[in-house]
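*Asks:*
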Amino acid sequence: MWSPLAKSDQRSNASERRVSGSSGAPNQEQNTDFNPKEATSNLQEQAPEALNQNQDQDQDQEEQPSTPTPDQKVPDTSEQRDEVGSQASGAAGSSGSGVFGKLKSLGGGLGQQVTQTVKSVPGLASKPLGMLKGLTVSEGGEIPGPEGNIVGRVVEGGEEAVGGMVQEGGKIVNEAGETIGQAELTDEVKGTVDEVKGDAPEEVQEGVDDTSEAAEKAAEDPEKAVEDTADNAEQTAEDAGEDVEKTAQEAEENLPPISSLEGLTCNKAGKIIDSSSGKPIGELVEGDPKKLSRLGSKLDDKGQFWDSRGNVIGKAQTIKAEDYGDEPPFTGLEGLHVVKDGFVEDEGGNRVGKLTEGDAKKLIGRPVDEDGDVTDQHGSVKGHAEPYEEPDEEEPEEEDLSTLEGKTVNKAGNVVDEQGKVYGRITSGDGKRLAGRKVDGKGQIWGDDGKVIGKAELIPGAEQEKPEGAFYGFENLSVGKDGVVQDGSGRIVGRVVEGDAMKLSGRQVDEDGDILDKNGNTIGRAERWEPEEKKRNVSPMAGRKVTRDGEVRDTDGNLIGKLTSGNLSSLVGKEIDDNGYVVDNDGNKIGECTLLENIPEPEPEEPEGPSPEELETQKKEQEDKELAKKMSSIVSGTLDRVLPICKMITDHVDKAEKTPKEELDEEQVVKNVKPLLEEAGSIMQECNGAIRALDPDGRIAANAKARAASHEASPEEHTLAEKLKELTDSVLRTIENGKKKIEGMPHAKKALNPLWGLLSEPLFQIIAAVGLLLTGVLGLVGRLLDGLGLGPLVNGLLGGLGLDKLLGNLGLTSLTDSLGLTNNKK
């Protein structure tokens, strides 16, 4: 699209041409000498009459030919270019000098005037705000046309925009060229533009092309203008309009073509910088440089910046390359002055230059400007300086570090061999992190990821020493009390490992840990050692501050302590040290805070002590716990001894059952099982005796019945019950399994059945003994046995032994009830 905007100097030339050119006035004297620019100007100035004539013809005729002749195209487009040129003069013209100013020569109402203007001027259909260019904002923010019709209004700027002139894109500027607002078309004008949008006659566009080309040709040969225009009808309105004047101006000023700016951006200073040379080759003539720089907008080949909505938001022009020479050598440096030996330093004392002309001694202290000139107090040049850089130091010859290859870095940062002899030291890297790593033949230390993590150098031969002793770096070492080694400050750094510590007290210790007598003989040895330091307790309140309420809160706002000593009003906001003291800026203690958990609770009223009955109950409960512990230990030992025997009995019986009858030796079965039954019975009798020995005088058993009613089983009693359950379960299952398996063995049955009592009788004697001492335990045992399905078996065995009657006769029916021997099971 052809842009109506032009450079400021082009606008001036256009204005001058309109004033001095040949506009057709009959008595005006014309210059007969041919000038291309004047010819172009004359051609443009003649266009308005032609446009008016064509528009008058439009009103008289009903229809124009679809393809105008070359004679018709030239004046039509020239008039359009004059309209656009009129816009380009911007704020310099009157309110009617813009595109809409041509409405003065158009007939009809506002709608017809807008329609004719849009059809006559190419580009207005797509950018209708161009019609407002050159118009002035009146009171109330309205923008009147030439006939007084309101064609636009202010949408940004308010009262500040009154009196301003509308520019490209509806931008409103003041006399200083500053943007003060934004304008838009009225709804009526917008509607008219929308109706004719896209319907602009093709002949008008073609006329623009032809006239633009004719204007160029007229500058060379005015007589052939019309003929050449017809031959170049394919040229666009952009090339014909803007390029004619720009090309002429660029040729005259020897400027780079505007297309050379394509793709470049504008900086905040409004300069277009060549990316290769870093120098400005163009400058912004319209638009906001800061906005364009922030958006990163790029120029097209016509020198225009576009926004994302397709609006032109800025224009640039090329400039002469010589307008911007190289920067002075000392640009940006301040306080330059001559110092000793003819050097130039800046205000920071950095050496940046050196005298090349002038007497260095006489010029000391003289100022140096950015061009390097040394001036006196009158401004006269007395010398000259050029930038100076310190000469590069000659690189030293690469040192042969092959000696270090395969050596190891120790914790002190030294490179040592297997015997600890020092060959080198690290020059870069963390010594502790590098400890234990190997060095290659180039002095490089490699990490696990294959990267160099440190470097080392050789130690000169004169500095190479034997491995450092254990006490290297310590002075005035001596043996102290208790065989420790102390340095001059009394710090413990070692201990005696060889020799009599008492006799060695006060003796000197050398670097290697040898303890010497007065003649230098080794009489003992010490090693490095330090007592473990007690970890210092740091108060959680450390670094916190006292609040107005005398509280101390952590980072989450939780209360962790309170002020317990000091004047609150003077301690608010003060910091707390590691020990919980409130300190001032000098570290002096001025108060104390205490953690909540360390603040004693108010002493509650002492509750009344337990009554004698409660004390007695507690005492008996404690006795029961101790008794249960002892019995549990006895039963547990018995269980450990009896279980393996029960397993052996079961294995023999199972094996006998599986043996065919013709191969079975029942006598051998009896020989295998009988000793085991006798041994198990003996062990269980020992258990029974041990339990009964806990109450030799029967005192505990006498009180057991009375306590059982209200007594709750303790954890110790639960443990005892569990052990009894396990013992009972193992023994009874062994008996039951044995009887069942030898049922079909007459001889074995006859010999062994009487012996099962060796297991069952002691078992229930043990249970009875426990029940006599701790009645409540039997209830637990009974429930545990029922859970295993052994309740009926226990009943049968006890009944067969007559123990149920025996317990009843003793008055301990609660025992039989607990074991389920009666219907009153508890």
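Just so you know, we're using UniProt numbering here: the sequence shown kicks off at 1 and counts up by one.
No residue lacks a Cβ here, since even glycine has one placed at the ideal position from N, Cα and C.
Within 7 Å (strictly less), CB to CB, does Thr-265 reach chain D?
*Replies:* No chain D is part of this structure, which consists of one protein chain only.
*Asks:* What are the boundary residues of the beta strand (DSSP E) that includes His-718?
*Replies:* Start at 1 with the first residue of the sequence shown, and residue 718 comes out as number 718. No beta strand (DSSP E) holds His-718; the alpha helix (DSSP H) holding it covers 715 to 741.
*Asks:* Candidates His-747, Asp-194, Val-374 and Ile-258: which alpha carbon is nearest Ser-126's?
*Replies:* On the sequence shown, residue 126 is found 126 positions in, with the first residue counted as 1. Selected option, being the one with the closest Cα: Asp-194.
*Asks:* Taking C-alpha atoms, which residue in Glu-533, Asn-598 and Pro-746 lies nearest to Thr-564?
*Replies:* Here residue 564 corresponds to residue number 564 of the sequence shown, with the count starting at 1. Answer by Cα proximity: Asn-598.
*Asks:* Suppose you measure from the CA of Gln-167 to the CA of Ala-183; what does that come to, to the nearest Å?
*Replies:* On the sequence shown, residue 167 is found 167 positions in, with the first residue counted as 1. On the sequence shown, residue 183 is found 183 positions in, with the first residue counted as 1. Whole-angstrom Cα-Cα distance: 9 Å.
*Asks:* Find out if the Cβ-Cβ distance for the pair Leu-363, Gly-383 is shorter than 7 Å.
*Replies:* For the purposes of this step, residue 363 is taken as residue 363 along the sequence shown, with counting starting at 1. For the purposes of this step, residue 383 is taken as residue 383 along the sequence shown, with counting starting at 1. Yes, the pair counts as a contact, with Cβ atoms nearer than the cut-off.
*Asks:* Closer than 6 Å by C-beta to Lys-749: which residues in its own chain qualify, once you throw out the five before and the five after it? Chain order, please.
*Replies:* For this step, residue 749 is matched to residue 749 along the sequence shown. So the list reads Ile-742, once near-sequence residues are dropped.
*Asks:* Measuring straight from C-alpha to C-alpha, what distance separates Leu-185 and Gln-317?
*Replies:* The sequence position of residue 185 within the sequence shown is 185, counting from 1. The sequence position of residue 317 within the sequence shown is 317, counting from 1. Spanning the two alpha carbons is a distance of roughly 29 Å.
*Asks:* Under the assumption that Ile-453 contacts Gly-436 (Cβ atoms under 8 Å), give the Cβ distance between them as a whole number of angstroms.
*Replies:* Counted from its first residue, the sequence shown places residue 453 at position 453. Counted from its first residue, the sequence shown places residue 436 at position 436. The pair is not a contact, with the Cβ atoms about 12 Å apart (cut-off 8 Å).
*Asks:* When you compare the CB positions of Ile-258 and Cys-266, do they come within less than 7 Å of one another, or not?
*Replies:* Taking the sequence shown and counting its residues from 1, one reaches residue 258 at position 258. Taking the sequence shown and counting its residues from 1, one reaches residue 266 at position 266. Going by C-beta atoms, Ile-258 is not nearer than 7 Å to Cys-266.
*Asks:* What residues in its chain sit with their C-beta under 7 Å from that of Gly-802, if we drop five residues either side in the sequence?
*Replies:* Counting from 1 along the sequence shown, the entry for residue 802 is found at position 802. Low per-residue confidence applies at Gly-802: pLDDT is 47, beneath 50, and the placement is therefore not dependable enough to give any value.
*Asks:* Confirm, please, whether the CB-CB distance from Val-546 to Val-572 is below 7 Å.
*Replies:* Working through the sequence shown from its first residue, we reach residue 572 at position 572. Working through the sequence shown from its first residue, we reach residue 546 at position 546. Contact: yes.
*Asks:* Looking at the unbroken alpha helix (DSSP H) that takes in Ala-292, where does it start and where does it end?
*Replies:* Sequence index remark: in the sequence shown, residue 292 carries index 292 (1-based). Residue 292 is actually Leu in this sequence, not Ala. Element bounds for Leu-292: 289 to 295.
*Asks:* Indicate whether the contact test is met: 3 or more Cβ pairs, each with one atom in the region 441 to 457 and one in the region 476 to 493, closer than 8 Å.
*Replies:* No, they do not touch.
*Asks:* Here's the rule: buried if 16 or more other CB atoms are within 10 angstroms of the residue's CB, otherwise exposed. What is Glu-490?
*Replies:* Counted from its first residue, the sequence shown places residue 490 at position 490. Just to set this straight, residue 490 is Gly in the shown sequence, not Glu. Classification for Gly-490: exposed.
*Asks:* Please determine, among His-747, Ala-768 and Gly-177, the residue with the shortest C-alpha to C-alpha distance to Thr-728.
*Replies:* Mapped onto the sequence shown, residue 728 falls at position 728. Comparing Cα positions, the closest option is Ala-768.
*Asks:* In angstroms, rounded to a whole number, what distance separates the CA positions of Asn-672 and Trp-756?
*Replies:* The count along the sequence shown starts at 1 and reaches residue 672 at position 672. The count along the sequence shown starts at 1 and reaches residue 756 at position 756. Their backbone Cα atoms lie some 14 Å apart in a straight line.
*Asks:* For Phe-471, which of helix, strand or coil comes out of DSSP?
*Replies:* Taking the first residue of the sequence shown as 1, we reach residue 471 at position 471. Coil.
*Asks:* Excluding the five sequence neighbours on either side, which residues of its own chain have a C-beta within less than 6 Å of the C-beta of Val-731, listed in chain order?
*Replies:* Residue 731 sits at position 731 when you count from the first residue of the sequence shown. Contacts found: Leu-759 and Leu-763.
*Asks:* Taking residue 836 as part of the alpha helix (DSSP H), name the residues at either end of that continuous run.
*Replies:* This structure cannot speak to residue 836, because the chain is shown only from 1 to 826.
*Asks:* Under a three-way DSSP split, which group does residue 832 fall into?
*Replies:* Because the chain is modelled from 1 through 826, residue 832 falls outside the range shown and cannot be assessed.
*Asks:* Taking the alpha carbon of Asp-512 as the point to measure from, which residue in Thr-522, Leu-504 and Lys-518 has its own alpha carbon closest?
*Replies:* The count along the sequence shown starts at 1 and reaches residue 512 at position 512. Closest by alpha carbon: Thr-522.
*Asks:* Quick one, which of Lys-411, Lys-625, Lys-407 and Asn-414 has its alpha-carbon nearest Asp-440's?
*Replies:* As a working note, residue 440 is residue 440 in the sequence shown. The shortest Cα separation from Asp-440 among Lys-411, Lys-625, Lys-407 and Asn-414 belongs to Lys-407.
*Asks:* Does DSSP put Phe-305 in a helix, in a strand, or in coil?
*Replies:* Counted from its first residue, the sequence shown places residue 305 at position 305. Strand at Phe-305.
*Asks:* Assess contact between the region 331 to 339 and the region 357 to 373, defined as three or more Cβ pairs (one per stretch) separated by less than 8 Å. Is contact present?
*Replies:* Yes: the two stretches touch, three or more of their Cβ pairs being nearer than 8 Å.
*Asks:* Check the DSSP bridge columns for Tyr-581 and list the partner residues they point to.
*Replies:* Taking the first residue of the sequence shown as 1, we reach residue 581 at position 581. Bridge partners of Tyr-581: Glu-592.
*Asks:* According to DSSP, simplified to helix, strand and coil, what is Ser-428?
*Replies:* Here the question's residue 428 lines up with position 428 in the sequence shown. Three-state result, Ser-428: strand.
*Asks:* CB of Gly-406 to nearest heavy atom of the ligand ATP: below 6 Å?
*Replies:* Within the structure as shown, the ligand ATP is missing, as the structure has no ligands at all.
*Asks:* Along the alpha helix (DSSP H) that carries Gly-689, what are the first and last residues, could you check?
*Replies:* Against the sequence shown, residue 689 aligns to sequence position 689. That run of the alpha helix (DSSP H) goes 666 to 692.
*Asks:* Check this for me: beta carbons of Ala-680 and Val-635, under 7 Å apart or not?
*Replies:* For this step, residue 680 is matched to residue 680 along the sequence shown. For this step, residue 635 is matched to residue 635 along the sequence shown. No. Outside cutoff.
*Asks:* Could you say if the region 621 to 637 and the region 687 to 697 meet the contact criterion of at least three C-beta pairs nearer than 8 Å?
*Replies:* A contact exists between the region 621 to 637 and the region 687 to 697.
*Asks:* Secondary structure at Arg-351, three-state DSSP: helix, strand or coil?
*Replies:* Within the sequence shown, numbered from 1, the residue matching residue 351 stands at position 351. Three-state result, Arg-351: strand.
*Asks:* Inspect the beta-carbon positions of Ala-456 and Gly-424 and report whether they are closer than 7 Å.
*Replies:* Position 456 of the sequence shown, counted from the first residue, corresponds to residue 456. Position 424 of the sequence shown, counted from the first residue, corresponds to residue 424. Their beta carbons are under 7 Å apart, which means Ala-456 touches Gly-424 by this criterion.
*Asks:* Are the CB atoms of Pro-329 and Pro-391 within a distance shorter than 7 Å?
*Replies:* What you label residue 391 is simply residue 391 of the sequence shown in a count that begins at 1. What you label residue 329 is simply residue 329 of the sequence shown in a count that begins at 1. Going by C-beta atoms, Pro-391 is not nearer than 7 Å to Pro-329.
*Asks:* Check each candidate in Val-496, Lys-534, Arg-544 and Glu-575 and name the one with the smallest Cα separation from Gly-524.
*Replies:* Here residue 524 refers to the residue found at position 524 of the sequence shown. The candidate whose alpha carbon is nearest that of Gly-524 is Val-496.
*Asks:* Nearest CA to the CA of Glu-370: which residue from Lys-655, Leu-516 and Ala-385?
*Replies:* The sequence position of residue 370 within the sequence shown is 370, counting from 1. That would be Ala-385, whose Cα lies nearest to the Cα of Glu-370.
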